[in-house]
Amino acid sequence: MSIIRAHKLVLLVIVCVAALAFTVPAPPQRPGGTKCRDTTLVGVAHQDDDLLFINPAIAEDFDRGNCLRVVYVTAGDAHLEWAGGYVHRREMGVQQAYSALAGRPMRPGEPSPWRAAPVRAGGRTLHSVHLDNGPLRPDIQLVFLRLPDGGWSREASRRRSLLALFQSRIRSLGAADGSARYTEAALINTLAALIEGFRPRVVRTLDFANTALKSSGEKWADHSDHAVTGRYLRLAALRARPEGRPRRLVAYEGYGSAVRPPNLGAVPTARKTDVFEHYYVHDERRVSSCPGHYCTPTRRAAGQYARWLERRYARRVPEPRPGTVVSWIGSTAAGFTTSGLCLTADRGEVRTAPCAGTVAGTVTVRQSWRLADGHLSAGAGAGGGSGSGAGAGRRCVRARGGAAALAPCSSGPARWALTRRGQLRTGGRCLTQDDLLRPHPALRLAACTAEDPGQRWFTDLL
(Lines of atoms letter the chains of each structure in order from A and count residues from 1; the text may use other names and numbers.)
(Lines give C-alpha, C1' and ligand atoms only; values in the text may rest on other atoms or scores of the structure.)
Protein backbone atom coordinates (compact mmCIF):
# COMPACT_ATOMS: atom_id res chain seq x y z
CA MET A 1 0.00 0.00 0.00
CA SER A 2 1.38 3.37 -0.98
CA ILE A 3 2.00 6.09 1.57
CA ILE A 4 -0.68 8.26 -0.07
CA ARG A 5 -3.30 5.48 0.16
CA ALA A 6 -2.31 4.82 3.78
CA HIS A 7 -2.77 8.48 4.62
CA LYS A 8 -6.17 8.47 2.89
CA LEU A 9 -7.23 5.43 4.89
CA VAL A 10 -6.17 7.03 8.17
CA LEU A 11 -7.98 10.23 7.23
CA LEU A 12 -11.12 8.25 6.37
CA VAL A 13 -11.04 6.50 9.75
CA ILE A 14 -10.63 9.84 11.56
CA VAL A 15 -13.55 11.36 9.63
CA CYS A 16 -15.78 8.37 10.38
CA VAL A 17 -14.94 8.43 14.10
CA ALA A 18 -15.58 12.17 14.23
CA ALA A 19 -18.90 11.75 12.44
CA LEU A 20 -19.88 9.01 14.88
CA ALA A 21 -19.01 11.25 17.83
CA PHE A 22 -21.35 13.98 16.56
CA THR A 23 -24.22 11.68 15.58
CA VAL A 24 -24.43 9.42 18.63
CA PRO A 25 -26.68 11.26 21.15
CA ALA A 26 -24.98 12.29 24.36
CA PRO A 27 -26.32 10.74 27.58
CA PRO A 28 -29.02 12.92 29.13
CA GLN A 29 -27.81 15.29 31.81
CA ARG A 30 -29.59 15.58 35.09
CA PRO A 31 -30.74 19.09 36.04
CA GLY A 32 -27.84 21.20 37.29
CA GLY A 33 -25.18 18.88 35.80
CA THR A 34 -24.34 15.20 35.69
CA LYS A 35 -23.40 15.05 39.36
CA CYS A 36 -26.65 16.62 40.57
CA ARG A 37 -29.44 14.31 41.66
CA ASP A 38 -31.53 17.44 41.25
CA THR A 39 -31.27 21.18 41.89
CA THR A 40 -32.59 23.39 44.68
CA LEU A 41 -32.81 27.17 44.20
CA VAL A 42 -32.88 29.27 47.37
CA GLY A 43 -33.86 32.94 47.07
CA VAL A 44 -33.44 35.23 50.10
CA ALA A 45 -32.93 38.90 50.90
CA HIS A 46 -29.73 38.94 52.99
CA GLN A 47 -26.63 36.84 53.53
CA ASP A 48 -27.79 34.75 56.52
CA ASP A 49 -31.57 34.55 55.87
CA ASP A 50 -31.05 31.15 54.27
CA LEU A 51 -28.94 29.92 57.17
CA LEU A 52 -31.32 31.18 59.89
CA PHE A 53 -34.79 30.60 58.46
CA ILE A 54 -34.59 27.92 55.72
CA ASN A 55 -31.80 25.61 56.86
CA PRO A 56 -31.66 22.67 57.67
CA ALA A 57 -33.86 22.15 54.60
CA ILE A 58 -30.91 23.30 52.46
CA ALA A 59 -28.49 20.85 54.07
CA GLU A 60 -31.06 18.06 53.71
CA ASP A 61 -31.39 18.80 49.98
CA PHE A 62 -27.61 18.75 49.59
CA ASP A 63 -27.34 15.47 51.50
CA ARG A 64 -29.86 13.96 49.07
CA GLY A 65 -27.56 14.90 46.20
CA ASN A 66 -29.13 18.19 45.09
CA CYS A 67 -26.92 20.91 43.67
CA LEU A 68 -27.56 24.25 45.40
CA ARG A 69 -28.14 27.63 43.74
CA VAL A 70 -28.52 30.43 46.29
CA VAL A 71 -29.64 33.90 45.18
CA TYR A 72 -29.15 36.91 47.50
CA VAL A 73 -31.35 39.77 46.32
CA THR A 74 -29.96 42.56 48.51
CA ALA A 75 -26.38 43.47 49.38
CA GLY A 76 -27.12 43.31 53.11
CA ASP A 77 -25.20 46.59 53.31
CA ALA A 78 -26.99 48.01 56.38
CA HIS A 79 -26.68 51.46 54.72
CA LEU A 80 -22.91 51.41 55.05
CA GLU A 81 -20.63 52.69 52.32
CA TRP A 82 -19.80 50.08 49.69
CA ALA A 83 -16.09 50.82 50.05
CA GLY A 84 -16.21 49.92 53.75
CA GLY A 85 -16.05 46.20 53.01
CA TYR A 86 -19.05 45.08 55.11
CA VAL A 87 -20.85 43.54 52.13
CA HIS A 88 -17.64 41.82 51.06
CA ARG A 89 -17.31 40.29 54.53
CA ARG A 90 -20.88 38.97 54.45
CA GLU A 91 -20.31 37.44 51.01
CA MET A 92 -17.14 35.81 52.31
CA GLY A 93 -19.16 34.55 55.26
CA VAL A 94 -21.72 32.64 53.22
CA GLN A 95 -18.93 31.11 51.14
CA GLN A 96 -17.31 29.79 54.32
CA ALA A 97 -20.69 28.61 55.62
CA TYR A 98 -21.54 26.65 52.47
CA SER A 99 -18.07 25.14 52.40
CA ALA A 100 -18.76 23.82 55.90
CA LEU A 101 -22.23 22.61 54.87
CA ALA A 102 -20.68 20.73 51.94
CA GLY A 103 -18.10 19.04 54.15
CA ARG A 104 -15.25 20.97 52.59
CA PRO A 105 -14.18 23.29 55.42
CA MET A 106 -11.83 26.05 54.40
CA ARG A 107 -8.43 26.29 56.12
CA PRO A 108 -6.35 29.28 57.20
CA GLY A 109 -3.67 30.14 54.67
CA GLU A 110 -5.08 27.86 51.98
CA PRO A 111 -6.51 29.27 48.73
CA SER A 112 -10.27 29.63 48.55
CA PRO A 113 -12.06 26.74 46.81
CA TRP A 114 -14.59 29.23 45.41
CA ARG A 115 -14.15 30.58 41.88
CA ALA A 116 -15.77 33.54 40.17
CA ALA A 117 -18.60 32.38 37.89
CA PRO A 118 -20.55 35.40 36.53
CA VAL A 119 -24.14 34.61 35.53
CA ARG A 120 -25.99 36.26 32.66
CA ALA A 121 -29.72 36.59 33.41
CA GLY A 122 -32.39 39.06 32.35
CA GLY A 123 -29.88 41.01 30.26
CA ARG A 124 -27.61 41.59 33.26
CA THR A 125 -24.34 40.08 34.39
CA LEU A 126 -24.59 39.06 38.04
CA HIS A 127 -21.73 38.50 40.44
CA SER A 128 -21.54 34.83 41.32
CA VAL A 129 -19.14 32.32 42.83
CA HIS A 130 -19.00 28.55 42.36
CA LEU A 131 -17.80 25.69 44.57
CA ASP A 132 -16.85 22.63 42.53
CA ASN A 133 -17.26 19.77 44.95
CA GLY A 134 -15.55 17.15 42.82
CA PRO A 135 -16.83 14.77 40.13
CA LEU A 136 -19.09 12.74 42.41
CA ARG A 137 -20.68 15.29 44.75
CA PRO A 138 -23.16 18.10 44.01
CA ASP A 139 -21.82 21.61 43.55
CA ILE A 140 -22.92 24.97 44.97
CA GLN A 141 -23.30 28.38 43.33
CA LEU A 142 -24.02 31.69 45.08
CA VAL A 143 -25.46 34.64 43.12
CA PHE A 144 -25.50 38.25 44.40
CA LEU A 145 -27.81 40.95 42.97
CA ARG A 146 -26.61 43.46 45.58
CA LEU A 147 -29.70 45.69 45.78
CA PRO A 148 -29.70 48.11 48.74
CA ASP A 149 -30.82 46.88 52.15
CA GLY A 150 -34.16 48.35 53.24
CA GLY A 151 -33.08 48.53 56.88
CA TRP A 152 -35.21 48.56 60.02
CA SER A 153 -36.48 52.13 59.89
CA ARG A 154 -40.12 53.11 59.58
CA GLU A 155 -38.93 55.02 56.53
CA ALA A 156 -38.11 51.82 54.60
CA SER A 157 -41.07 52.36 52.29
CA ARG A 158 -39.85 55.87 51.42
CA ARG A 159 -36.14 55.23 50.95
CA ARG A 160 -34.78 53.40 47.93
CA SER A 161 -35.61 49.87 48.97
CA LEU A 162 -37.38 46.73 47.79
CA LEU A 163 -40.48 47.80 49.72
CA ALA A 164 -40.53 51.18 47.98
CA LEU A 165 -40.21 49.42 44.62
CA PHE A 166 -43.01 46.97 45.45
CA GLN A 167 -45.29 49.79 46.59
CA SER A 168 -44.53 51.85 43.44
CA ARG A 169 -42.97 54.70 45.44
CA ILE A 170 -39.91 54.50 43.18
CA ARG A 171 -39.71 53.40 39.53
CA SER A 172 -36.37 51.59 39.71
CA LEU A 173 -33.72 50.45 42.15
CA GLY A 174 -29.97 50.42 41.53
CA ALA A 175 -27.53 47.86 42.90
CA ALA A 176 -25.36 49.09 45.79
CA ASP A 177 -22.20 48.47 43.76
CA GLY A 178 -23.56 50.30 40.69
CA SER A 179 -23.56 47.10 38.61
CA ALA A 180 -27.19 47.25 37.44
CA ARG A 181 -30.55 49.00 37.78
CA TYR A 182 -33.90 47.26 37.99
CA THR A 183 -37.50 48.21 37.47
CA GLU A 184 -39.92 45.81 39.12
CA ALA A 185 -40.53 44.04 35.81
CA ALA A 186 -36.78 43.74 35.17
CA LEU A 187 -36.16 42.30 38.64
CA ILE A 188 -38.90 39.69 38.24
CA ASN A 189 -37.62 38.82 34.76
CA THR A 190 -34.06 38.41 36.09
CA LEU A 191 -35.20 36.11 38.89
CA ALA A 192 -37.37 34.15 36.44
CA ALA A 193 -34.38 33.80 34.10
CA LEU A 194 -32.31 32.38 36.96
CA ILE A 195 -35.04 29.84 37.71
CA GLU A 196 -35.25 28.86 34.04
CA GLY A 197 -31.48 28.61 33.71
CA PHE A 198 -30.87 26.59 36.87
CA ARG A 199 -33.96 24.39 36.39
CA PRO A 200 -34.63 23.67 40.07
CA ARG A 201 -37.11 21.06 41.20
CA VAL A 202 -37.79 23.13 44.32
CA VAL A 203 -37.58 26.88 44.99
CA ARG A 204 -37.19 27.82 48.64
CA THR A 205 -37.73 31.43 49.67
CA LEU A 206 -38.99 33.67 52.47
CA ASP A 207 -42.54 34.10 53.69
CA PHE A 208 -44.67 35.96 51.15
CA ALA A 209 -47.68 36.31 53.50
CA ASN A 210 -45.97 38.92 55.70
CA THR A 211 -47.90 42.15 56.06
CA ALA A 212 -46.83 42.94 59.65
CA LEU A 213 -43.36 44.37 59.09
CA LYS A 214 -40.69 45.25 61.64
CA SER A 215 -41.64 48.91 61.68
CA SER A 216 -45.06 47.92 63.05
CA GLY A 217 -43.45 47.04 66.39
CA GLU A 218 -45.37 43.75 66.68
CA LYS A 219 -43.48 40.78 68.07
CA TRP A 220 -44.35 38.66 65.02
CA ALA A 221 -43.30 41.36 62.54
CA ASP A 222 -40.69 40.63 59.89
CA HIS A 223 -38.14 42.59 57.87
CA SER A 224 -39.60 44.32 54.80
CA ASP A 225 -36.78 42.93 52.62
CA HIS A 226 -37.84 39.39 53.63
CA ALA A 227 -41.47 40.05 52.79
CA VAL A 228 -40.80 41.60 49.38
CA THR A 229 -38.11 39.12 48.35
CA GLY A 230 -40.52 36.25 48.99
CA ARG A 231 -43.14 37.99 46.87
CA TYR A 232 -40.76 38.61 43.97
CA LEU A 233 -39.54 34.99 44.05
CA ARG A 234 -43.15 33.81 43.95
CA LEU A 235 -43.91 36.06 40.97
CA ALA A 236 -40.72 34.89 39.24
CA ALA A 237 -41.55 31.21 39.83
CA LEU A 238 -44.96 31.76 38.24
CA ARG A 239 -43.43 33.61 35.29
CA ALA A 240 -40.59 31.14 34.62
CA ARG A 241 -41.35 28.88 31.68
CA PRO A 242 -42.45 25.38 32.72
CA GLU A 243 -40.02 22.60 31.95
CA GLY A 244 -42.37 19.65 31.75
CA ARG A 245 -42.07 18.64 35.39
CA PRO A 246 -43.54 19.97 38.63
CA ARG A 247 -41.67 22.71 40.47
CA ARG A 248 -42.38 23.21 44.16
CA LEU A 249 -42.37 26.63 45.80
CA VAL A 250 -41.85 26.65 49.57
CA ALA A 251 -41.79 29.79 51.76
CA TYR A 252 -40.40 30.00 55.29
CA GLU A 253 -41.34 32.24 58.18
CA GLY A 254 -38.67 34.73 59.17
CA TYR A 255 -38.16 36.65 62.39
CA GLY A 256 -41.70 36.03 63.57
CA SER A 257 -41.10 32.29 63.81
CA ALA A 258 -39.50 33.08 67.18
CA VAL A 259 -43.01 33.03 68.70
CA ARG A 260 -43.41 29.39 67.63
CA PRO A 261 -42.25 26.42 69.75
CA PRO A 262 -38.77 25.07 68.92
CA ASN A 263 -39.23 22.27 66.37
CA LEU A 264 -35.70 21.09 65.52
CA GLY A 265 -33.98 18.28 67.38
CA ALA A 266 -30.57 18.51 68.99
CA VAL A 267 -28.63 17.08 66.03
CA PRO A 268 -30.06 19.31 63.26
CA THR A 269 -29.85 22.33 65.60
CA ALA A 270 -26.17 21.63 66.26
CA ARG A 271 -25.37 21.30 62.55
CA LYS A 272 -27.40 24.40 61.68
CA THR A 273 -25.58 26.36 64.41
CA ASP A 274 -22.18 25.19 63.21
CA VAL A 275 -22.87 26.25 59.62
CA PHE A 276 -24.23 29.61 60.78
CA GLU A 277 -21.19 30.31 62.97
CA HIS A 278 -18.92 29.83 59.96
CA TYR A 279 -20.82 32.77 58.46
CA TYR A 280 -21.19 34.72 61.69
CA VAL A 281 -17.47 35.21 62.27
CA HIS A 282 -17.45 37.38 59.11
CA ASP A 283 -20.55 39.42 60.02
CA GLU A 284 -18.57 42.21 61.65
CA ARG A 285 -18.32 45.79 60.48
CA ARG A 286 -14.63 45.97 61.37
CA VAL A 287 -12.90 44.30 58.44
CA SER A 288 -9.69 43.92 60.47
CA SER A 289 -11.42 41.42 62.77
CA CYS A 290 -11.55 38.86 59.94
CA PRO A 291 -9.28 40.00 57.11
CA GLY A 292 -9.11 36.81 55.02
CA HIS A 293 -11.58 34.67 53.08
CA TYR A 294 -11.49 32.17 55.95
CA CYS A 295 -11.60 32.79 59.70
CA THR A 296 -11.78 30.17 62.42
CA PRO A 297 -15.36 30.29 63.77
CA THR A 298 -14.46 31.21 67.33
CA ARG A 299 -17.14 33.92 67.48
CA ARG A 300 -20.20 32.22 68.92
CA ALA A 301 -23.64 33.27 67.77
CA ALA A 302 -25.27 35.80 70.10
CA GLY A 303 -28.05 34.50 72.32
CA GLN A 304 -30.90 35.98 70.29
CA TYR A 305 -30.01 33.82 67.30
CA ALA A 306 -30.92 30.65 69.21
CA ARG A 307 -34.61 31.39 68.69
CA TRP A 308 -34.17 30.85 64.93
CA LEU A 309 -31.42 28.23 65.04
CA GLU A 310 -33.83 25.97 66.98
CA ARG A 311 -36.70 26.53 64.55
CA ARG A 312 -37.72 26.15 60.93
CA TYR A 313 -41.31 26.82 59.89
CA ALA A 314 -42.54 26.55 56.33
CA ARG A 315 -45.57 28.65 55.49
CA ARG A 316 -48.38 26.19 54.89
CA VAL A 317 -50.29 26.16 51.64
CA PRO A 318 -53.86 27.28 52.44
CA GLU A 319 -56.03 24.41 53.65
CA PRO A 320 -59.66 25.21 52.83
CA ARG A 321 -62.48 23.82 54.90
CA PRO A 322 -65.51 22.51 52.98
CA GLY A 323 -67.34 25.44 51.46
CA THR A 324 -64.55 27.99 51.92
CA VAL A 325 -62.55 29.83 49.25
CA VAL A 326 -59.05 30.79 50.46
CA SER A 327 -56.73 33.18 48.61
CA TRP A 328 -53.04 32.44 48.03
CA ILE A 329 -52.55 36.09 49.00
CA GLY A 330 -52.30 36.14 52.78
CA SER A 331 -51.94 38.58 55.64
CA THR A 332 -50.21 38.47 59.02
CA ALA A 333 -51.70 41.75 60.21
CA ALA A 334 -53.83 40.00 62.83
CA GLY A 335 -51.16 37.57 64.02
CA PHE A 336 -48.03 36.13 62.51
CA THR A 337 -48.86 32.45 62.46
CA THR A 338 -52.25 32.69 60.72
CA SER A 339 -52.32 34.24 57.28
CA GLY A 340 -55.27 32.84 55.34
CA LEU A 341 -57.77 35.23 53.73
CA CYS A 342 -61.17 33.76 52.92
CA LEU A 343 -63.77 34.99 50.45
CA THR A 344 -66.40 36.65 52.63
CA ALA A 345 -69.95 37.91 52.09
CA ASP A 346 -70.23 41.31 53.76
CA ARG A 347 -73.74 42.70 53.46
CA GLY A 348 -74.14 43.36 49.73
CA GLU A 349 -70.42 43.19 48.96
CA VAL A 350 -67.81 40.49 48.56
CA ARG A 351 -64.35 40.86 50.11
CA THR A 352 -61.60 38.80 51.72
CA ALA A 353 -61.15 38.58 55.48
CA PRO A 354 -59.17 36.40 57.92
CA CYS A 355 -60.53 32.86 57.79
CA ALA A 356 -62.80 32.54 60.83
CA GLY A 357 -62.99 28.77 60.44
CA THR A 358 -59.23 28.48 60.92
CA VAL A 359 -59.55 29.99 64.40
CA ALA A 360 -63.00 28.97 65.60
CA GLY A 361 -63.03 25.47 64.11
CA THR A 362 -66.25 26.08 62.19
CA VAL A 363 -67.08 27.74 58.91
CA THR A 364 -69.21 30.84 59.31
CA VAL A 365 -72.14 31.38 56.99
CA ARG A 366 -70.45 34.55 55.67
CA GLN A 367 -67.49 32.47 54.46
CA SER A 368 -69.48 29.51 53.15
CA TRP A 369 -69.91 29.17 49.37
CA ARG A 370 -71.44 26.86 46.78
CA LEU A 371 -70.60 26.63 43.07
CA ALA A 372 -73.15 24.79 40.94
CA ASP A 373 -74.55 25.34 37.45
CA GLY A 374 -72.30 28.39 37.08
CA HIS A 375 -73.75 30.10 40.15
CA LEU A 376 -71.39 31.09 43.00
CA SER A 377 -73.74 31.49 45.93
CA ALA A 378 -73.16 32.69 49.49
CA GLY A 379 -74.21 31.09 52.74
CA ALA A 380 -74.17 27.51 51.48
CA GLY A 381 -74.45 26.28 55.04
CA ALA A 382 -77.88 27.92 55.33
CA GLY A 383 -79.44 25.33 53.01
CA GLY A 384 -81.10 25.74 49.65
CA GLY A 385 -80.00 24.81 46.16
CA SER A 386 -78.48 26.71 43.27
CA GLY A 387 -79.41 27.81 39.80
CA SER A 388 -83.05 28.59 39.00
CA GLY A 389 -84.18 26.72 42.09
CA ALA A 390 -82.03 28.73 44.45
CA GLY A 391 -84.88 30.91 45.53
CA ALA A 392 -85.09 34.64 46.05
CA GLY A 393 -83.54 34.35 49.50
CA ARG A 394 -80.19 33.13 48.21
CA ARG A 395 -77.54 35.60 47.07
CA CYS A 396 -74.99 35.02 44.31
CA VAL A 397 -71.78 36.75 43.24
CA ARG A 398 -72.17 39.07 40.28
CA ALA A 399 -69.72 41.23 38.38
CA ARG A 400 -70.43 44.90 38.95
CA GLY A 401 -67.97 46.75 36.75
CA GLY A 402 -64.52 45.75 38.01
CA ALA A 403 -65.82 44.61 41.39
CA ALA A 404 -67.68 41.61 42.78
CA ALA A 405 -71.02 42.12 44.50
CA LEU A 406 -73.91 40.08 45.87
CA ALA A 407 -77.35 40.04 44.31
CA PRO A 408 -80.36 37.72 44.43
CA CYS A 409 -79.57 34.51 42.58
CA SER A 410 -82.82 34.88 40.62
CA SER A 411 -81.61 38.12 39.01
CA GLY A 412 -79.35 36.41 36.48
CA PRO A 413 -75.90 36.36 38.12
CA ALA A 414 -72.64 35.91 36.25
CA ARG A 415 -71.67 32.42 35.17
CA TRP A 416 -68.65 31.25 37.14
CA ALA A 417 -66.17 28.47 36.46
CA LEU A 418 -63.29 27.12 38.52
CA THR A 419 -60.23 26.52 36.31
CA ARG A 420 -57.57 23.86 36.88
CA ARG A 421 -55.24 26.65 38.09
CA GLY A 422 -57.64 27.54 40.87
CA GLN A 423 -58.99 30.65 39.13
CA LEU A 424 -62.60 31.75 39.54
CA ARG A 425 -63.52 33.03 36.09
CA THR A 426 -66.53 34.78 34.67
CA GLY A 427 -66.93 36.54 31.32
CA GLY A 428 -63.22 36.27 30.50
CA ARG A 429 -62.14 37.87 33.80
CA CYS A 430 -60.88 36.30 37.02
CA LEU A 431 -61.52 37.09 40.65
CA THR A 432 -58.29 38.72 41.87
CA GLN A 433 -57.07 39.66 45.35
CA ASP A 434 -54.33 42.30 45.28
CA ASP A 435 -51.34 41.68 47.51
CA LEU A 436 -51.95 43.51 50.77
CA LEU A 437 -48.54 45.24 50.58
CA ARG A 438 -49.54 46.88 47.31
CA PRO A 439 -50.94 50.44 47.36
CA HIS A 440 -54.74 50.38 47.77
CA PRO A 441 -55.24 46.60 47.62
CA ALA A 442 -58.70 45.38 46.65
CA LEU A 443 -60.68 42.35 45.59
CA ARG A 444 -61.49 42.89 41.93
CA LEU A 445 -62.11 41.32 38.54
CA ALA A 446 -59.11 41.40 36.20
CA ALA A 447 -57.85 39.81 33.01
CA CYS A 448 -56.99 36.17 33.68
CA THR A 449 -53.29 35.36 33.85
CA ALA A 450 -51.36 32.42 35.26
CA GLU A 451 -48.69 34.81 36.58
CA ASP A 452 -50.87 36.52 39.20
CA PRO A 453 -50.84 34.76 42.59
CA GLY A 454 -53.89 36.82 43.54
CA GLN A 455 -55.90 34.70 41.10
CA ARG A 456 -54.98 31.43 42.83
CA TRP A 457 -57.76 30.18 45.10
CA PHE A 458 -57.76 27.06 47.25
CA THR A 459 -61.24 25.72 47.75
CA ASP A 460 -63.41 22.75 48.57
CA LEU A 461 -66.63 24.21 47.24
CA LEU A 462 -69.86 22.49 48.21
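To get this note's numbering, take the position in the sequence shown, counting from 1, and add 28. Glycine included, each C-beta is placed from N, C-alpha and C at the ideal position. Being a predicted model, the structure only gives us computed values, none of them experimental.
Check                                                                                                             : Outcome
One or two residues paired with A144 in a DSSP bridge                                                             : V157
Ranges of the beta strand (DSSP E) found wholly within the segment 338–411, counting only runs of at least 3      : 353–355, 369–374, 377–382, 397–400 and 403–406
Rounded distance between the beta-carbons of W356 and F486, thought under 8 Å                                     : 7 Å
From S207, S196, F226 and P228, residue whose alpha carbon lies closest to that of A213                           : S196
Cβ neighbour criterion (16 or more within 10 Å) applied to R375                                                   : exposed
Buried versus exposed call for G526 [16 or more other C-beta atoms within 10 Å across all chains shown]           : The structure shown does not extend to residue 526, since the chain spans only 29 to 490, so no value can be given for it.
Rounded distance between the beta-carbons of W444 and G402, thought under 8 Å                                     : 6 Å
Cβ separation of L79 and V303, assumed to be a contact under 8 Å, to the nearest whole Å                          : 6 Å
When D463, T454 and R273 are compared against C476, the one with the closest alpha-carbon                         : T454
Inter-residue Cα distance where the pair is P382 and P348                                                         : 12 Å
Where H251 falls, given that 16 or more other Cβ within 10 Å makes a residue buried                               : buried
Length-filtered (4 minimum) alpha helix (DSSP H) runs lying within the segment 238–319                            : 252–267 and 294–308
For T447, the first and last residue of its enclosing beta strand (DSSP E)                                        : Unbroken run through T447: none, as it is neither H nor E.
Which residues DSSP lists as bridging C424, in chain order                                                        : S405 and A435
Delimiting residues of the alpha helix (DSSP H) encompassing F81                                                  : First-last for F81: undefined, no H or E at that position.
Burial state of L164, where buried means 16 or more other Cβ atoms lie within 10 Å                                : exposed
Nearest-angstrom Cβ-Cβ length linking T239 and T360, presumed shorter than 8 Å                                    : 5 Å
Nonlocal neighbours in the same chain, by C-beta distance under 6 Å from C458, ignoring five residues either side : Q451, C476 and Q483
Residue from G121, L69, V309 and G284 with nearest C-alpha to K242                                                : G284
First and last residue of the uninterrupted beta strand (DSSP E) at I168                                          : I168 to L175
Nearest-angstrom Cα separation, counted from T392 out to G456                                                     : 30 Å
Residue interval of the alpha helix (DSSP H) (run including A125)                                                 : Y114 to L129
For A220, the three-state DSSP class (helix, strand or coil)                                                      : helix
Nearest to G407 (by Cα), restricted to the options C437, T324 and A431                                            : C437
Cβ-Cβ distance between A442 and A431 below 8 Å                                                                    : no
Distance, I82 Cα to G112 Cα                                                                                       : 29 Å
For T67 and R229, believed in contact at Cβ under 8 Å, the rounded distance                                       : 6 Å
Pick from A384, G429 and T372 that is closest to L404, judged by C-alpha positions                                : T372
Member of W180, L489, G178 and N94 whose CA lies at the smallest distance from the CA of I351                     : It should be pointed out that residue 351 corresponds to Gly in this sequence rather than to Ile. Among W180, L489, G178 and N94, the Cα nearest to that of G351 is on L489.
CB-CB length for M134 against Y308, believed under 8 Å                                                            : That pair is no contact at about 15 Å.
Neighbourhood of F338 by C-beta, 6 Å cutoff - its chain only, sequence neighbours within 5 removed                : Looking at the sequence itself, residue 338 is Glu, so the reference to Phe does not match. P290, L292 and T297.
Y260 versus S140 - alpha carbon distance                                                                          : 32 Å
Environment of V157 [buried if 16+ CB atoms lie within 10 Å]                                                      : buried
Inter-residue spacing [alpha-carbon to alpha-carbon] between R232 and Q124                                        : 21 Å
The segment 260–280 touching the segment 215–222, judged by at least three CB pairs closer than 8 Å               : yes
Reference E281; option with closest CA among H310, L96, A249 and A294                                             : A249
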